[in-house]
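Structure, as structure tokens:
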Amino acid sequence: MTLLQGFGDQIIAGAITTLQVALTSLVLGIAVGLCGAMAKVNGIGALRWLADGYTTIVRGIPELLIILILYFGGTVALTALLGRYVEVDAFAAGVFALTIVFGAYATEVFRAALLAVPRSQIEAAHALALSRALTFRLVILPQMWRYALPGLGNLWLTLLKDTALISVVGLEDLMRKASVAAGATHDPLTFYLIAAALYLTFTSVSLVGLALLEQRAGRGVRISE
Amino acid sequence: MLKIKPATGQFKTELSDTKAALHVVNLRKRFGQLEVIKGLSLTANQGDVISILGSSGSGKSTLLRCLNFLEPPNEGEIWIGGRQIQARAGATGQREINALRINLGMVFQTFNLWLHKTVLENIVEAPIHVLGLSKAEAHLRAEELLLKVGLADKRHAYPSQLSGGQQQRIAIARALAMEPEILLFDEPTSALDPELVGDVLKVIRALADEGRTMLIVTHELNFARQVSNRIVFLHEGQIEEEGPPDAFFNHPSSPRVRQFLSSQRDGYHR
Amino acid sequence: MNWYLVIDAMPRLLSGALLTLQLAALSVLAGLVIALPLSLLRSSSSGVLSRPVLAYTFVFRGTPLLVQLFVIYYGAGQIEWIRTTSAWIILREPYWCALIAFSLNNAAYTTEILRGGIRAVPAGEVEAAKALGMSYALRTRRIVLPIAFRLALPAYANEVVLMLKASSLASTITIMELTGTSRKIVAQTFSPYEVFISAALIYLAITFVVVKAFARLERHLAHHLERVEKNNGGTDPVHKGPVQELDRDPVLQREAR
Numbered sequence: 480m481t482l483l484q485g486f487g488d489q490i491i492a493g494a495i496t497t498l499q500v501a502l503t504s505l506v507l508g509i510a511v512g513l514c515g516a517m518a519k520v521n522g523i524g525a526l527r528w529l530a531d532g533y534t535t536i537v538r539g540i541p542e543l544l545i546i547l548i549l550y551f552g553g554t555v556a557l558t559a560l561l562g563r564y565v566e567v568d569a570f571a572a573g574v575f576a577l578t579i580v581f582g583a584y585a586t587e588v589f590r591a592a593l594l595a596v597p598r599s600q601i602e603a604a605h606a607l608a609l610s611r612a613l614t615f616r617l618v619i620l621p622q623m624w625r626y627a628l629p630g631l632g633n634l635w636l637t638l639l640k641d642t643a644l645i646s647v648v649g650l651e652d653l654m655r656k657a658s659v660a661a662g663a664t665h666d667p668l669t670f671y672l673i674a675a676a677l678y679l680t681f682t683s684v685s686l687v688g689l690a691l692l693e694q695r696a697g698r699g700v701r702i703s704e
Numbered sequence: 004m005l006k007i008k009p010a011t012g013q014f015k016t017e018l019s020d021t022k023a024a025l026h027v028v029n030l031r032k033r034f035g036q037l038e039v040i041k042g043l044s045l046t047a048n049q050g051d052v053i054s055i056l057g058s059s060g061s062g063k064s065t066l067l068r069c070l071n072f073l074e075p076p077n078e079g080e081i082w083i084g085g086r087q088i089q090a091r092a093g094a095t096g097q098r099e100i101n102a103l104r105i106n107l108g109m110v111f112q113t114f115n116l117w118l119h120k121t122v123l124e125n126i127v128e129a130p131i132h133v134l135g136l137s138k139a140e141a142h143l144r145a146e147e148l149l150l151k152v153g154l155a156d157k158r159h160a161y162p163s164q165l166s167g168g169q170q171q172r173i174a175i176a177r178a179l180a181m182e183p184e185i186l187l188f189d190e191p192t193s194a195l196d197p198e199l200v201g202d203v204l205k206v207i208r209a210l211a212d213e214g215r216t217m218l219i220v221t222h223e224l225n226f227a228r229q230v231s232n233r234i235v236f237l238h239e240g241q242i243e244e245e246g247p248p249d250a251f252f253n254h255p256s257s258p259r260v261r262q263f264l265s266s267q268r269d270g271y272h273r
Numbered sequence: 111m112n113w114y115l116v117i118d119a120m121p122r123l124l125s126g127a128l129l130t131l132q133l134a135a136l137s138v139l140a141g142l143v144i145a146l147p148l149s150l151l152r153s154s155s156s157g158v159l160s161r162p163v164l165a166y167t168f169v170f171r172g173t174p175l176l177v178q179l180f181v182i183y184y185g186a187g188q189i190e191w192i193r194t195t196s197a198w199i200i201l202r203e204p205y206w207c208a209l210i211a212f213s214l215n216n217a218a219y220t221t222e223i224l225r226g227g228i229r230a231v232p233a234g235e236v237e238a239a240k241a242l243g244m245s246y247a248l249r250t251r252r253i254v255l256p257i258a259f260r261l262a263l264p265a266y267a268n269e270v271v272l273m274l275k276a277s278s279l280a281s282t283i284t285i286m287e288l289t290g291t292s293r294k295i296v297a298q299t300f301s302p303y304e305v306f307i308s309a310a311l312i313y314l315a316i317t318f319v320v321v322k323a324f325a326r327l328e329r330h331l332a333h334h335l336e337r338v339e340k341n342n343g344g345t346d347p348v349h350k351g352p353v354q355e356l357d358r359d360p361v362l363q364r365e366a367r
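Protein chains in written order, with my numbering: chain A, 480 to 704; chain B, 4 to 273; chain C, 111 to 367.
Here's what the structure looks like:
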């Protein structure tokens, strides 16, 4: 393993952190997205307005900036709150930021997916005397996933790659470990290319997984290329 | 004579002594394993109006599309009005195919007008950019054709603003603008609502009356009977029967043709 | 909320924003120039032409832009022949490294977006062009690409916005665009909220303008599809109904960077 010059373990550890951040943000982001979508589709005026504001603002600001706001802003806030200097944990700030970003885009994906469920399904449910709430839970929601899958898949791939941005505030992820190794060995090319290869692996595996998922979900309705 | 010998790499200059506008010999076309045209030979003389009939899958459209190489034939000879083409791969082959297509006007079932261009722009596009006509000449030609198909007032409309019948008539004008020797119609009225069919058929009949050489794939049997001087009936990629309309419709010899005609009379849809 | 701080920082922030715009605009332009021929290759039926381009787009869309940036900025100096040639003059400057990385990245996404547009061009309209004797070059230029551009516009608009936001990564290699400038001011003033929120608002303003501009462009290009609702208004014979636009929610098409 002379290629890695002893940094192999570090790199692997970083890769694991990357996946942890991504997966955590994914779960939380989906939850946020679902709430946002429901607010946009079913919610009362104020809620809808809030959700619109949320998605518009977050989608118009660079992810890096959001990470910086939460990290430095969070540090300032916590320090003020607790009276002594407290640094926000990079992992927490990162996950928080990526969740917010993922949630904003996921809101749009889920909203379109909810609206894509054929009206006839809803009408059939109503004709069978299912309440609105039950209809939503038993008929619309399960079917919505099929339509949401392609969009969510894309967002996941973006999320995976956005985790690299958290290295900027010091999170010990794949990117950061590669930077450290690059600095120590004066061999940036090797380590950044290795990092690239690892990200590519994650992406490729995800693509395969997504293809399988879409197959399983019947035909994932491709809205567009 | 345009002699097209696909994939043989031979360059033969042959002058044929037939005056046929179109001469097809032993045409074969495969899609993968499925052979759709199985050794078909056909001759059309100047001024012939040939209606090509047959049930679905008999290869009617494919035949037409082979003539202008939208589907390159696998085997066979295609002669067109006295010049020669070697259908080889590569740039020269492509140039020759393009030259061939100038002489073969095609009207599609789905009109295929360019939606992002106006009616006028649709018609003058190829004459200007392929034939090299000046804008003035092309526009002049277009105006005449628009008058001919009865849509002069629609010259600045977009296709999406027109009915199907109107779009098809524009498509015919577009094909005519290239002044082709032979016109190919691939089910020109099949995509039209019934009340719009008549207008298009009127235009096609007018063209036939002008003495143009035309091949029409159609399901409009009455129209075929009135407008053509020959009917060709395809079955499974081969010519089952051909002859003048009266003979074909009144005394068909092939049992398949008789079955086809009776099924049409009973109103079975294709 | 320290307004005085905001006002004081604004000139620097705006100057940073200018650099952001410059970086984004040049990268998008360069990306488009690169992507045009590549998208044609990528749309080719020949694997020999299409696959190398696919390899390129796959790598650049499958890895973070940050990594690509670092490989070029930090890694270029490592390569012997780069250091010794005139290429080094360019590649040691952060600005050019950023431009190159952004352009290559943007080109990869734009290539796939354009390819999607090309594939979506109705086959019938292409066949009509063929049947009229138009050569590949002629019909690609006059028929296929104009239609493809219009179809790809929503996804492309999205990509331009993403590029705008991605320009913030230039701050990681010392370029003082908007994000970099705001970071510096925050470090000096210890006021992350005022400064970062101001920066965020400027970004929002820029993206708002870009989105609106593209929306106007889309509307303008689609006016030929407006339907005249008279008897038997235009029908699309292929899809058996009113002439359709491709469904085009840009978010659903959001491509991973």
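Even for Gly, the Cβ is constructed at its ideal location relative to N, Cα and C.
First and last residue of the alpha helix (DSSP H) that includes residue i?
{"i": "H254 of chain B", "result": "Here H254 of chain B belongs to no alpha helix (DSSP H), and DSSP marks it neither H nor E."}
{"i": "T558 of chain A", "result": "553-561"}
{"i": "S610 of chain A", "result": "Here S610 of chain A belongs to no alpha helix (DSSP H), and DSSP marks it neither H nor E."}
{"i": "G532 of chain A", "result": "524-538"}
{"i": "H330 of chain C", "result": "302-331"}
{"i": "A186 of chain C", "result": "Run containing A186 of chain C: none; DSSP gives neither H nor E here."}
{"i": "V511 of chain A", "result": "487-521"}
{"i": "G688 of chain A", "result": "667-695"}
{"i": "V117 of chain B", "result": "First, the residue type needs correcting, since residue 117 of chain B is Trp and not Val in the sequence shown. Careful: W117 of chain B lies outside any alpha helix (DSSP H) and carries neither H nor E."}
{"i": "R252 of chain C", "result": "Per DSSP, R252 of chain C belongs to no alpha helix (DSSP H) and is neither H nor E."}
Closest to residue i by CA distance: which of the options is it?
{"i": "V143 of chain C", "options": "C:S213, C:G187, C:W198, C:A332", "result": "C:S213"}
{"i": "F3 of chain B", "options": "B:R172, B:G153, B:E128, B:L199", "result": "No statement about residue 3 of chain B is possible, as the shown extent of chain B runs from 4 to 273 and does not include it."}
{"i": "V573 of chain A", "options": "A:L677, A:E651, A:L679", "result": "Residue 573 of chain A is actually Gly in this sequence, not Val. It is A:E651 whose Cα lies nearest to the Cα of G573 of chain A."}
{"i": "A102 of chain B", "options": "B:F188, B:A209, B:F72", "result": "B:F72"}
{"i": "L151 of chain C", "options": "C:A165, C:R252, C:V138, C:V271", "result": "C:A165"}
{"i": "I100 of chain B", "options": "B:H26, B:M109, B:L123, B:P75", "result": "B:P75"}
{"i": "D568 of chain A", "options": "A:F581, A:A660, A:I546", "result": "A:I546"}
{"i": "E182 of chain B", "options": "B:E190, B:M217, B:Y161, B:Q241", "result": "B:M217"}
{"i": "V235 of chain B", "options": "B:V39, B:K32, B:E38, B:S61", "result": "B:S61"}
{"i": "G79 of chain B", "options": "B:L43, B:I105, B:R104", "result": "B:L43"}
{"i": "H159 of chain B", "options": "B:V230, B:G214, B:L149", "result": "B:L149"}
{"i": "V177 of chain C", "options": "C:I295, C:L279, C:F168, C:A197", "result": "C:L279"}
{"i": "Y219 of chain C", "options": "C:V181, C:A186, C:L148", "result": "C:L148"}
{"i": "R233 of chain B", "options": "B:H254, B:E223, B:L70, B:D249", "result": "B:D249"}
{"i": "L129 of chain C", "options": "C:A297, C:L274, C:K294", "result": "C:L274"}
{"i": "Q241 of chain B", "options": "B:G35, B:V39, B:H26, B:K151", "result": "B:V39"}
{"i": "T221 of chain B", "options": "B:A141, B:S54, B:S137", "result": "B:S54"}
{"i": "L107 of chain B", "options": "B:P191, B:A24, B:G201", "result": "B:A24"}
{"i": "L634 of chain A", "options": "A:L505, A:E566, A:V555", "result": "A:L505"}
{"i": "D156 of chain B", "options": "B:A178, B:V122, B:A141, B:G168", "result": "B:V122"}
{"i": "Y550 of chain A", "options": "A:P541, A:A576, A:Y533, A:W528", "result": "A:A576"}
Mind checking who residue i pairs with in its DSSP beta bridge?
{"i": "W113 of chain C", "result": "Its beta-bridge partners do not exist; DSSP assigns none."}
{"i": "T216 of chain B", "result": "B:I185"}
{"i": "H26 of chain B", "result": "B:T46, B:W82"}
{"i": "F236 of chain B", "result": "B:L56, B:E244"}
{"i": "K32 of chain B", "result": "B:I40"}
Which two residues bound the contiguous beta strand (DSSP E) that contains residue i?
{"i": "L107 of chain B", "result": "107-110"}
- Query: Do the segment 228-243 of chain C and the segment 109-121 of chain B make contact, defined as three or more Cβ pairs closer than 8 Å?
  - Reply: Per the Cβ contact rule, the segment 228-243 of chain C is in contact with the segment 109-121 of chain B (3 or more Cβ pairs under 8 Å).
- Query: Below 8 Å, can you find three or more Cβ-Cβ pairs linking the segment 281-296 of chain C to the segment 261-270 of chain C?
  - Reply: Output reads no: the segment 261-270 of chain C does not touch the segment 281-296 of chain C.
- Check whether the segment 677-694 of chain A touches the segment 621-632 of chain A, counting contact only when three or more Cβ pairs, one atom from each stretch, lie closer than 8 Å. In short, these stretches touch, since the Cβ pair count reaches three.
- Message: Assess contact between the segment 614-621 of chain A and the segment 544-564 of chain A, defined as three or more Cβ pairs (one per stretch) separated by less than 8 Å. Is contact present?
- Response: Because the criterion of three Cβ pairs below 8 Å is not met, the segment 614-621 of chain A and the segment 544-564 of chain A do not touch.
- Message: Tell me whether the segment 235-245 of chain B and the segment 43-59 of chain B touch, counting them as touching only if at least three CB pairs, one residue from each stretch, are closer than 8 Å.
- Response: Verdict: yes, contact present.
- Query: Any chance the segment 590-604 of chain A sits against the segment 676-685 of chain A, with 3 or more Cβ pairs inside 8 Å?
  - Reply: The segment 590-604 of chain A, when compared against the segment 676-685 of chain A, does not touch it at the 8 Å Cβ threshold.
- Are there three or more Cβ pairs, one per stretch, closer than 8 Å when the segment 576-585 of chain A is compared with the segment 530-537 of chain A? By the Cβ rule, the segment 576-585 of chain A counts as touching the segment 530-537 of chain A, because three or more pairs are nearer than 8 Å.
- Evaluate contact between the segment 111-118 of chain C and the segment 195-203 of chain C, counting only Cβ atoms and requiring at least three cross-stretch pairs below 8 Å. Under the three-pair Cβ rule at 8 Å, the segment 111-118 of chain C does not count as touching the segment 195-203 of chain C.
- Query: Taking contact to mean at least 3 C-beta pairs separated by less than 8 Å, is the segment 122-136 of chain C in contact with the segment 312-323 of chain C?
  - Reply: Cβ pair count under 8 Å is three or more, so yes.
- Query: Using 8 Å as the threshold, is the segment 201-213 of chain C in touch with the segment 664-680 of chain A, meaning 3 or more CB pairs across them?
  - Reply: For the pair of segments examined, the segment 201-213 of chain C was found not to touch the segment 664-680 of chain A: the number of CB pairs separated by less than 8 Å stays below three.
- Sufficient close CB pairs (3 or more, under 8 Å) joining the segment 189-204 of chain B to the segment 24-31 of chain B: Counting C-beta pairs closer than 8 Å gives fewer than three between the segment 189-204 of chain B and the segment 24-31 of chain B, which falls short of the contact rule.
- Message: Could you check whether the segment 657-671 of chain A touches the segment 177-191 of chain C, counting it as contact only if at least three pairs of C-beta atoms, one from each stretch, sit closer than 8 Å?
- Response: The segment 657-671 of chain A, when compared against the segment 177-191 of chain C, does touch it at the 8 Å Cβ threshold.
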